[in-house]
Amino acid sequence: MDFSVLLSDVPTLLIVIVGVPAVLGAYIVGGEYLVRLLPDKSRPAVRPWIWVGPALVIVGVFLVYPVVGTAWRSLFDTSGDNFVGLSNYANQLAGFPNGNAWIALRNNIYWLVLFTLVVLFFGLLFAVLTDRVPYESPVKSLIFMPMAISFVALSVIWLFMYSYQQPGDPQTGTMNAILQVFHHDPVTWVEDANIATLALIAAGIWGFVGFAMVILSAALKGIPGDLLEAARVDGAGEMTIFRRVIFPLMMPTIVVVGTTLVIFALKAFDIVYVMTGGNFDSDVLANRMYKLAFVAFEPGLSSAVAIILVAAVVPVLIFNLRQFRAVEARR
Amino acid sequence: MSSVTYDHVVKRYTSDLTVVKDFNVEIKDKEFMVLVGPSGCGKSTALRMLAGLESISEGQIRIGDRVVNDVAAKDRDIAMVFQSYALYPHMSVYDNMAFPLQMQHMKKPDIDQRVKNASRILGLDNFLARKPRALSGGQRQRVALGRAIVRNPKVFLLDEPLSNLDAKLRGQTRIELQKLHRDLETTFIYVTHDQVEAMTMGDRIAIMNAGILQQVGTPGEIYDHPANLFVAGFIGSPTMNFVPATVENGSAKASGFSVKLPKSISATKGTLGFRPEAVTDRVTDEANSMQMKVDVVERLGSDQFLYGKVGGDAVTARVDPRMKVDPGDTVKLGLDTRTLHFFDAETELALI
Amino acid sequence: MTIASERIAVPAAERRFSPDWLGQVFSKGLLHVVVIGITLMWIVPTLGLLVSSFRSPSDIASSGWWTALSPPFKFTLDNYTGVLNTSNLGTSFFNSFMITIPATVIPVSIAAFAAYAFSWMKFWGRDFFFLALVGLLAVPLQATFIPILSLFVKFGLTPENVGFLGLWLAHTGYGLPFAIYLLANFFRSLPTDLFESAEIDGAGTLTVFFRIVLPLSVPAIASLVIFQFLWIWNDYLVALIYVGGTADFAPLTVTIANLVNSNGQGWELLTAAAFFSMIVPLIVFFSLQRFFVRGILAGSVKG
């Protein structure tokens with residue numbers, strides 16, 4: 001390892017850590033000084049803009065401008081010179097049901113449905129189960145841990161799980177070893193067009209159940225104990241209490257978690273890109289967008305796919321935010 | 001001089017929502033004035049307009065001779081104690097009290113002197129280093145008072161400061177606040193919804209309802225001579241008895257009894273009002289007696305209250321604690337007409 | 001508070017080996033078996049990789065990782081030393097810090113000022129801008145790359161010229177909506193009378209922000225910093241786009257992903273590399289869990 005790198009980098013880091021807040025602070029203080037030069041009445045109208053200015057500018061440059069730019073770009077051909085209207089979109093959405101974009105779309109829907117529902121199911125199940133054991137805390141930490149690592153590391157872990165050796169050779173991948181126990185031949189999990197997408201979704205599920213579990217667990221604990229005791233005194237059994245008291249009260253949180261998962265499923269990239277590169281019919285829209293832009297050098301088509309993604313995510317996000325506000329209001 | 005004058009003050013949020021309507025009151029220097037009324041009557045809004053936390057839609061507010069409509073809160077020379085105390089959680093008691101003085105750029109030794117002074121008056125000397133979360137409710141309230149005292153303001157504003165304390169502490173603190181007021185010799189303006197606090201603490205009381213000032217006067221005046229039906233029913237516990245009645249030949253006739261009115265009035269119908277202590281087991285004049293069918297008997301040791309019906313009307317009577325009565329009995333009660341009230345049917349103003 | 005079913009006064013269960021008692025023990029026992037079983041299942045994938053990272057290449061290719069858990073124990077550190085020496089991993093490790101720390105500090109600072117204005121100042125268009133800002137959380141980052149890349153090239157903000165500056169700014173832009181949303185929510189939850197009291201006390205805007213709001217917001221800011229730190233440390237796509245092409249500037253995630261793509265067989269290096277990239281997040285996670293989870297709870301909005 002080259003330690004000279006360290007020496008030159010640390011000063012830069014320190015400058016940034018101290019310098020950036022200091023410069024911003026100076027900017028705000030300086031701005032306040034200028035504002036005080038104004039008459040009393042105009043101060044409250046001018047001051048806020050100094051405070052939100054940097055944020056609005058940066059967000060404008062890095063989020064608003066590019067999205068508008070991409071939307072605009074999607075209406076032009078590869079060279080960028082000729083206006084082609086919506087033909088890029090038509091091109092991508094054509095060839096139903098076997099066209100490439102449709103496979104990606106289909107996979108996104110698999111992700112959307114399977115990933116979300118399975119994660120929610122296990123998240124809820126684990127939240128309920130761990131609530132009843134004294135060693136709840138370490139268990140939750142361990143199940144949650146996959147959220148802390150990068151998706152790349154996650155992909156490596158699962159590529160290894162899906163490792164394949166010829167039938168007859170000792171298996172090195174955990175999944176194939178399990179198959180062996182059931183006297184089944186080993187399977188090329190991530191290289192088989194029939195199951196590659198499912199294998200990827202399974203890896204994703206492993207990563208996210210902890211997330212769902214933690215949030216649902218917090219919601220579970222937020223249910224007043226009095227309600228459950230009253231139900232028990234009324235003679236309800238545990239399953240009934242779950243079905244008719246706990247589950248309905250948790251519904252808003254379940255919806256928030258669910259929609260967050262859906263948004264992730266729509267934007268999923270890392271896992272697919274690293275594990276299969278989108279091959280073996282496991283492609284997803286985000287991956288497709290990347291390939292069109294940086295491998296096929298088709299910015300027009302790539303932009304169209306990106307905008308399709310935006311259009312898919314926005315309604316879900318709006319719904320998510322509304323539910324989130326409702327949950328917060330209840331607290 | 002720190003008198004406070006509200007001169008035709010109005011607070012309007014939108015064209016349909018007027019929260020304070022034509023509020024006129026003059027608070028004398030060094031007076032303890034209580035603004036009292038039910039929730040939503042506008043008393044807090046009136047206080048906040050004086051503090052500078054709400055803008056004034058119409059009218060003028062003066063502190064002394066100075067019009068403060070456009071003066072910033074910090075320049076009005078007032079101090080406010082909030083209902084929830086509003087202590088800075090991350091600062092010690094000392095720092096909480098020193099903060100307003102630091103804002104005035106006062107010198108350290110002067111700040112220290114004022115803080116220590118206030119702390120001594122309020123008994124906070126042992127708590128100066130603590131943070132608010134390590135204090136009890138009563139102690140926190142004293143810190144809030146201390147923060148106000150150090151400013152040596154012209155007027156103290158207190159917004160329901162006792163409502164977060166438990167009953168026993170509330171009683172104690174009431175007494176302490178009155179002593180504080182005497183010692184500091186400064187104008188206190190105190191907002192509450194509790195009529196007991198109003199009656200016991202105020203030099204004068206201003207009663208509000210639905211944004212309109214109902215009556216201003218000393219506790220005695222308000223109790224003995226309520227200006228209208230609302231004031232009569234708001235002040236006094238148990239509540240004054242209200243019985244619909246018609247007036248004929250100088251007598252008021254209710255459904256279960258009639259009584260001779262002490263003076264003549266022009267109205268023909270309205271509401272008869274008399275406090276429970278005016279209805280007793282002593283019948284001095286047969287003409288002013290009534291029969292009550294008793295529903296509930298409340299024995300408090302020093303008092304006994306009977307709740308029941310006279311004719312068709314509900315009435316509360318305060319009788320001798322040793323009187324033997326049971327629910328279901330019918331008793332004869334006498335009405336003392338010296339403290340009788342009569343309220344006009346339409347205007348609800350007190351005619352007697 | 002648990003919702004474990006407690007029978008209300010059932011004396012029969014207190015008699016050992018009664019049907020009720022057995023039923024309870026059985027279901028309780030089953031519960032523990034299930035929970036522990038699930039936990040073990042969840043650890044297996046990570047454990048498999050961890051164990052393999054200590055095995056020689058020939059061992060990894062010829063037998064399952066679980067066989068290494070029984071004698072003879074053949075463990076080696078070769079993979080770790082190998083990966084640190086032969087690949088770019090050391091540089092990538094520092095690069096990850098060089099990217100993550102500024103890309104955390106900058107957005108958090110800018111967000112704090114903006115969030116305060118959104119929470120406690122009134123200005124024209126405030127609600128509209130806030131809603132738009134939060135709405136931008138929906139934008140899939142993929143939709144921003146091409147225009148920004150062209151912008152960077154046009155203004156010379158390439159890795160060769162300015163190092164990581166472009167990436168810092170991009171991460172700032174991407175991270176601001178969430179950061180502002182989180183902090184604004186927290187600032188708004190501060191009691192109003194605290195600000196009114198400060199107003200009466202004569203505190204100006206700057207004093208209120210620096211002496212009252214910031215000290216009280218330390219938990220929220222800590223959560224944001226940790227959440228943002230891990231998010232960027234683990235980021236792959238954004239780094240890939242903006243600095244991925246240049247080997248000297250690649251962070252851990254990019255370097256390891258490249259190893260995956262290039263190593264048809266070389267599992268041994270990959271396992272060690274993957275774990276190497278997990279050290280920092282795992283340390284941060286396990287020691288500062290409380291803050292991280294709080295960030296997650298508030299950030300269940302972040303797609």
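Residue numbers (this note's numbering), protein chains in the order written: chain E, 1 to 331; chain P, 1 to 352; chain Z, 1 to 303. Even for Gly, the Cβ is constructed at its ideal location relative to N, Cα and C.
- At a cut-off of 8 Å between beta-carbon atoms, E/VAL139 makes contact with chain Z.
- None of the residues of the region 174-207 of chain P has a beta carbon lying less than 7 Å from any beta carbon of chain Z.
- Within the region 47-114 of chain P, the complete alpha helix (DSSP H) runs of at least 4 residues fall at 93-103.
- Residue contact with chain Z for P/MET49: absent (no Cβ-Cβ distance below 8 Å to any residue of chain Z).
- P/SER258 has P/LYS253 as its beta-bridge partners, per DSSP.
- Annotated three-state conformation of Z/LEU167 is helix, per DSSP.
- According to the DSSP secondary-structure assignment, P/LYS269 is paired through a beta bridge with P/THR246.
- The beta-carbon of E/VAL118 is placed no less than 8 Å from the nearest beta-carbon of chain Z.
- Between Z/PRO107 and Z/LEU176, the gap from beta carbon to beta carbon is short of 8 Å.
- Against P/ALA73, the close residues of chain Z are GLU199 and ILE200, in the order they occur along the chain (beta-carbon pairs closer than 7 Å).
- P/GLY334 is bridged by DSSP to P/THR280 and P/SER289.
- Apart from sequence neighbours up to five positions away, the residues of its chain that approach E/ILE307 with a beta-carbon distance below 7 Å are THR70, ALA71 and SER74, ordered along the chain.
- What P/LEU53 touches in chain Z, judged by beta-carbon distance under 8 Å, is GLU196, GLU199 and ILE200, going in chain order.
- By the C-beta density criterion, Z/ASP193 is buried, having at least 16 other C-beta atoms within 10 angstroms.
- The count of Cβ pairs closer than 8 Å, one atom from the region 234-244 of chain Z and one from the region 64-84 of chain Z, stays below three, leaving the stretches out of contact.
- Chain Z places no beta carbon closer than 8 Å to that of E/LYS291, leaving this residue out of the contacts.
- Proximity of chain P to Z/ASP127 at the Cβ level (cut-off 9 Å) is not reached, the minimal Cβ distance being about 18 Å.
- If you draw a straight line from the Cα of E/ILE201 to the Cα of E/LEU249, it comes to about 29 Å.
- Any Cβ of chain P closer than 8 Å to the Cβ of Z/ILE99 would place that residue at the interface, and such an atom is absent.
- Under DSSP, P/LEU213 forms a beta bridge with P/MET208.
- The shortest C-alpha to C-alpha distance from E/GLY25 to any of E/TRP51, E/THR259, E/ASN194 and E/LEU227 is the one to E/TRP51.
- When CB distances to chain E are screened at a threshold of 8 Å, the residues of the region 98-125 of chain Z falling below it are MET98, ILE101, PRO102, VAL105, ILE106, SER109, ILE110, ALA111, PHE113, ALA114, TYR116, ALA117, PHE118, MET121, LYS122, PHE123 and TRP124, in chain order.
- From the beta-carbon of Z/GLY29, no residue of chain E is found nearer than 9 Å; the closest lies around 12 Å away.
- Interface flag for Z/LEU288 against chain E is unset, since no Cβ pair is found closer than 8 Å.
- Within the region 154-235 of chain Z, the runs of alpha helix (DSSP H) that reach at least 4 residues and sit entirely inside it are, in chain order, 159-162, 165-188, 192-201 and 218-233.
- The secondary-structure analysis by DSSP pairs P/ASP344 across a beta bridge with P/GLY270.
- For Z/ASP193, the C-beta contacts it makes with chain P under 7 Å involve PHE82, SER84 and ALA86, in order along the chain.
- Minimum Cα-Cα distance from Z/GLY82 among the listed residues Z/LEU69, Z/ASP127 and Z/ARG55 corresponds to Z/ARG55.
- In the DSSP assignment, E/LEU117 falls within the alpha helix (DSSP H) that extends over 116-130.
- Out of E/LEU220, E/ASN91 and E/MET147, the CA that lies nearest to the CA of E/ILE205 is found in E/MET147.
- Where E/PHE160 is concerned, the enclosing alpha helix (DSSP H) starts and stops at 151-161.
- Scanning chain Z for C-beta atoms nearer than 7 Å to the C-beta of P/GLN104 yields GLY202, reported in chain order.
- Across the set E/LEU34, E/ARG322, E/THR276 and E/GLU298, the C-alpha of E/THR276 shows the shortest separation from the C-alpha of E/VAL190.
- Straight across, the Cα-Cα distance linking P/GLU221 with P/GLN102 is about 44 Å.
- Chain-order list of chain Z residues neighbouring E/GLN171: GLY64, by C-beta distance under 7 Å.
- Taken in chain order, the members of the region 210-221 of chain Z whose beta-carbon sits within less than 7 Å of a beta-carbon on chain P are ILE212, PRO215 and LEU216.
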